[in-house]
Structure formats: structure tokens, C-alpha cells
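In what follows, a single structure is set out as C-alpha cells and then discussed.
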Amino acid sequence: MKKIFQILSIAVLTLGWSCNDDEFLNRPPTGQLSEEQIWGDEGQVLSVLGDLYNRYVDQSTFKTINDYPGWLTVSDFNEAFWSEAGRYSAFQNSGWGFGTWAAWDYGYIREMNLFIQKCTAADKLAPAVRERYLAEARFLRASYYFELVKRMGGVPLILEPMVYDFSGDPTYLQYPRAKESEIYDFVIKEAEEIKDKLPASVGEKSRATKAAALAMEVRAALYAGSIAKYGANTPSVALPGGEVGIPASAANGYYTKALTAAKEIISGNAGAYALYTKKPDLSENFASIFYDKANNSEVIFVEDFKLQSGKVHYFTGWNQPRYGAEEEEGGRINPSLQFVEAFEKLDNTFAPIPTANANGTPIYYADQTDIFKGRDARLAGTVMLPGTTFKGRKVDIWAGYQLANGTVISGDDRGAQKTLPGKTVPEQVVGFDGPIDGFEFTAQTGFYLRKYLDPVVGSGQRGVNSEVWLVRYRYAEVLLNAAEAAFELGQAAEAAGYMNQVRARAGLVTPLKASDINFDRLVHERRVEFAFEGHLLYDMKRWRIAHQIQDGNAISAAELSKDLGKATKRNTQPWGLWSYKIYDPGSPNNGKWIYKPVKLSRVTGADRFQLGNYYSYIDDAIISNNPKLVRNPNQ
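Now the structure itself:
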């Protein structure tokens, strides 16, 4: 056999060398396509464009395969506690490094510039197809510059693929930072120029449309306007060259652009968008916005996922109630008591969650959910409350039994059992879903996240995962952006009209009047509507209120329920709310529920947002490679 193999090998080699040497060595590669093959074929160009879409940077954070949509970042700033032992340190420090939230991927920008250059010259593509592809690439490029300016301030504005000439002198590739206003102006200008080259189709969600371009324009113009107006409150957060900071005189111009673009979506021909109102239960209706893909009129632009396609995510598995879950894990995002208390009562008033009477005695509730009744329906659509259900199972969150003398009988494990006084058989004394202080993957604050969780059985299973989409732009944001722009332009009645549409969907049916609209109202409305969608950080930054909210001082129990509805209410530590079942045989309160605010033992720090956090740190290596760059202020 060995001899036969040697003979065959010699024969193959002889045949190879008997070929024409030039033809043999210069054969075209079979493992890659030529540029002519790519740019002459519509499908190949679309696949290149698809790769650029897949690298889109989201509002909240960069995504990784197991960190969708960046669960740490979307639940930051003490809107939630992270019930994972490896993350407790986040609540034991004093804030964030200057490099947090930074982005600087000019490789991505170069590839988008290359795509635009080559697609422009691709004369074998049908003109309409080429025009749409180019508009999409420009949308993606503008979107990334928007992310850069939000994080870094003004950055080098490079709109062509740069090529090094190997001369040894790279200085011609070194661009200075543009003004912050110039980057915003670029994003707005690009949106205006491409909007009519994109389809005006409400059914298209994962590719750029006219409405997506306009929604980006609205958001960008609103951000620029508020930086111009509120930047005066932090004069040291600026650079003399305008790389950071926008003149106050520019504010109204940006607000006008934001309102005009918003109206084009609301009443123009950008598509038949409307608030999602398909389900009678208003809380479930709100939760459904983020998983119902069937004729969803609210959603404008998303990153989509599909089962059995290779593109799925495990966000539900990370965050669903752990007990009874497919993999017996989850529970990482625990919304805080401060966040829960932010939701108004249905009479448009702010009020604390009522745990005690004026004299300090506890309030007793017959049903565990009664304490949350009569509030904004978005609460139960965003937060999984004790006693509610998910995937057909009641969420089992309670901290123990309280006896008549105030003693609490609980346990240190989920569903722990003990024998109650006067009984002989052990029974459950703590919920299978917690809360237990320091017990990870359970509801340590007394709450789980509801928004973005997939109710389909199997969505928390690693081999299945979820196809729930990540919403980037939706119609409710267009309405609230329009409301803010109108308010800033002195049009309070128009602002109230836009806000009331969003609020009515949440059960707040008493309309706000023009006199009710103020900065605090606008800030509050965005907080509860867009919670855990990645808006909070950039809203606090553009309004220049982050350093007031995160001031580095601990929060006492007495402060929890003060200043509800105030835009600058301090929020430096997450608190919890634990429910207890009363065990007092013979008493009318036996079997009823009480609630107590709780500060978790793992929360020992208090977040401080420094002035240097308003714009992220530009890495030393980046500045070393380009000395024309100036550093951000206060760093």
C-alpha cells in the first residue's frame, strides 16, 4: 500500500509540473470574490452592506454575543441593582472612569467610506438599487458619527477612505477634531439629503427607511439644542475651539429642526406610524411593543433576530425569574425602588409606594399586587412586580413571614422551609424567586425586569434563545422628542398634545394642560417611557444634570420618597422593597401582606458623576498617533 501511494504521489507531481508554469501559478483564487464580481452583483453588494448593519453601534452600548442589548449599561445609574456576585463591585465604588462609554472605531468609518466610494462607481447596479444602498450606507455612517459625538464630543470628520502612501510621513492623515456642532450638523444634513432616497415603508424595520432617517435627525437636533441651551449650567464642560460645547445662540435653531422633522413623521408621508395599542391590558400592551413583530406600527428601526438563523440572543435567559426557568438562571436586572416610585398615579400626581400610615404603622394588603394599583400602566409593563405572572407562572417574590411581635421568619435559600409557631410541619417561608440579601440571580430588590423579556417558552433556553428585536427608534420617542422641542420653543400647548398621546396609552387619561408642562415633566416622561432602552445616560448628559443626580452622597430611607417627579432628584444608590406575609392566627390581618424599604448589604458606595464624565476620555495611544487632537475637559 505504501509503495502504491508513493507511485501515485510521483504521478501527481509529474502532472503538475508538466502544466504551463504561468497558468498553474497564476490561477485566480477560488476562496474569494474579485471586486468586479462583488460590485457587479446586487446580492453581493447587499451582503457587504449587511456586514455594516451588523456592526451598528447601539444607543446604549457595544453588544457582544452574550450581552444583548448590553444589560449592564441599560440598567445602570441605580435604576436597577445587578444581582450577580461578580457585579456587586459596581455598587461599592464611587462612579465611573473617564474612559467609560468611549468609542473611536475609525476602521468602521473607513469601511463605510470605501463602500460609498465603490458603490457610487458600481455602474452595473440598477440605478434605483444603487441609490438605496448608498443612502443606507450614509445613514449608517451618520448614525456612527452621532454615537461618537454623544460620547466624545467633536471628532475628526472623515468622509473619504484614506490611504497611506508609505512615505514615512503620516501627517496628512492626521485630522483635528471638528467642532461638536459640526458633527451634529453633519448628521442632520445627511438625514435630510438621504430621507427621500430611502423607502417610506412602515413594514421595513431592520433596514433604514425615510422614517428612520428622520427619527435620527430629530434625536440629533434635540441633543444639539439641549447641549446649546443647558451647557451654560456647566461652563467648564467646554473647549475654546468648540470641540466640546455648542453656543447657546444655536439652541432654537436646533429645536426648530427637531420639531420640523418630527412633524414630518407624525403627519407627513414618512409612513403610517402610530402608538402600539393592540392589547386591552395596558401593561401587557406596553410590554408587547418590544416583542410583537406582527404589524407593529410603533417600531421604526430595530436590530432584528430570528430563531434558528444563527442570530439570536440570551437576554431573556439572563434576566427572567430564575425559579422554573429553562436553565434555572436569570434575575440579573433588579429594578430599584426609586425607579418603581417614579411612576405616577392615574390622577397625574406623584406619590410614594404606600407602605405605612402617617403614624408609622404598616399598611396591610389583601393581595400582594394591591400596593401597586392605580398607577401608570407602564410600571407593570416595565417591571415584573411581586404576585404577577410570567410565562404562565406566578412570580414568587416574598421575603418571609412577620409575626405579631414584629419578628421575621425567613430563610437563606430560595423556597426555604421552617416550622411556624404553633405548627408541627415545615412550610415555605421565603419566595422561590427571592428576595434574599446577597443571593445572586434572584430579585434582591424585590423586582425583576419585564421590558424586553420574551414570554415564549424556550426563550430562556441556551439552545433556543430569543428573537426579540432591539428597538432603536420608535414612534413614542418621536412624539416625546416633538414635545420637548415644542416646549423649548415656547409652544407648551403643542407639547402637551404630544405628551398626552403617550400618556393616554399608559392609562393616564386626564390630559395635561399647557400650564402643566415644564422641564421636570419632560424629564419624568422620558424616564418612565424609555426606561432600560439606553436613553437615560445621554439625556442626563445633554441636559447637564448627571452630576446633580449622581452627586456621590448616600441616600437615606427618609429621602427615598422626597422630590418625586423632580428632574434632579438624587439617585446614587439602588434601594429595594420587600414584601412579607403576616402570620398572626386569629387576627384579621393574618395572611395579608406588608412591605418594607430595604437597603441591600452589597450597596456600600454612592455614585458620583464627575464633570469629566460628560465626555469620554480619548485614549493616549490615539492622541500619540494624532497630535492634532485635543483632550476633553476636566480629565
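Letter 631 of the sequence shown, counting from 1, is numbered 631 in full-length UniProt numbering, and no numbers are missing.
Glycine included, each C-beta is placed from N, C-alpha and C at the ideal position.
Proximity below 8 Å, CB of G411 to CB of V395: no
Residues bridged to W593 [DSSP beta-bridge criterion]: Y365 and K581
Close-in-space but distant-in-sequence residues of the same chain around I10 (CB under 6 Å, 5 per side omitted): Summary for I10: the model assigns pLDDT 37, below 50, so the residue's position carries little reliability; its value from the coordinates is reported in the next sentence. For I10, where only same-chain residues beyond five positions count, there are no Cβ hits under 6 Å.
Under the three-state DSSP convention, the category T64 falls into: Reliability fails at T64, whose pLDDT of 46 lies under 50, so the model's placement of it is uncertain and the value that follows must be treated cautiously. In the structure shown, T64 sits in coil (DSSP, three-state: anything other than H, G, I, E or B).
Short Cβ contact (8 Å threshold) for E467 with L307: yes
Beta-bridge pairing of L564 - partner residues as DSSP gives them: Bridge partners of L564: none, in fact.
Straight-line Cα distance separating A224 from K628: 24 Å
Within 8 Å, strictly: CB atoms of G446 and I397: yes
Distance between A443 and V630 (C-alpha atoms, nearest Å): 45 Å
Per-residue DSSP class, three states only, for Q338: helix
Cβ-based neighbour list, Q6, same chain, cut-off 6 Å, excluding 5 preceding and 5 following: Low per-residue confidence applies at Q6: pLDDT is 42, beneath 50, and the placement is therefore not dependable, though the value from the model is reported in the following sentence. For Q6, where only same-chain residues beyond five positions count, there are no Cβ hits under 6 Å.
Option in S587, R219 and Y172 with minimal Cα separation from A191: R219
Where R474 sits in the DSSP three-state scheme: strand
For G231 and V478, the rounded distance between their alpha carbons: 23 Å
For F81, the first and last residue of its enclosing beta strand (DSSP E): A80 to W82
A356 - partner residues in DSSP beta bridges: P362
Pairwise C-alpha distance: N481 and residue 677: Only positions 1 to 635 of the chain appear in this structure, which leaves residue 677 out of reach.
Distance between beta carbons of I409 and K418, contact taken as under 8 Å: 6 Å
Pair within 8 Å by beta-carbon distance, L198 and R141: no
CA-to-CA distance, R503 to D105, given in whole angstroms: 39 Å
Boundaries of the beta strand (DSSP E) in which L403 is found, first to last residue: G400 to L403
F432, buried or exposed, once every other Cβ within 10 Å from all chains shown has been counted against 16: buried
Given 8 Å, three or more beta-carbon pairs between the region 110–117 and the region 137–154: yes
Spatial distance of E427 from M540 (CA atoms): 47 Å
Neighbour flag for R602 against chain C, beta carbons, 8 Å: Checking the listed chains, one finds no chain C in this structure; it contains a single protein chain.
Where Q174 falls, given that 16 or more other Cβ within 10 Å makes a residue buried: exposed
Three-state secondary structure (DSSP) of L259: helix
Bounding residues of the beta strand (DSSP E) (the contiguous stretch that carries E303): V299 to E303
Alpha-carbon spacing of V237 relative to G97, whole angstroms: 16 Å
G107 versus A342: straight-line alpha-carbon distance, rounded: 42 Å
Contacts around N500, its chain only, beta-carbon distance under 7 Å, and the 5 residues preceding and following it disregarded: P511 and L512
Integer-rounded CB distance, given that Y580 should sit under 8 Å from G331: That belief does not hold up - the Cβ atoms of G331 and Y580 are roughly 20 Å apart, past 8 Å.
Counted within 10 angstroms of its Cβ, other Cβ atoms place S283 as buried (16 or more) or exposed: buried
S336 versus D607: straight-line alpha-carbon distance, rounded: 15 Å
Member of T604, K592, I594 and A558 whose CA lies at the smallest distance from the CA of Q573: T604
Backbone CA spacing between P240 and E182 [nearest angstrom]: 15 Å
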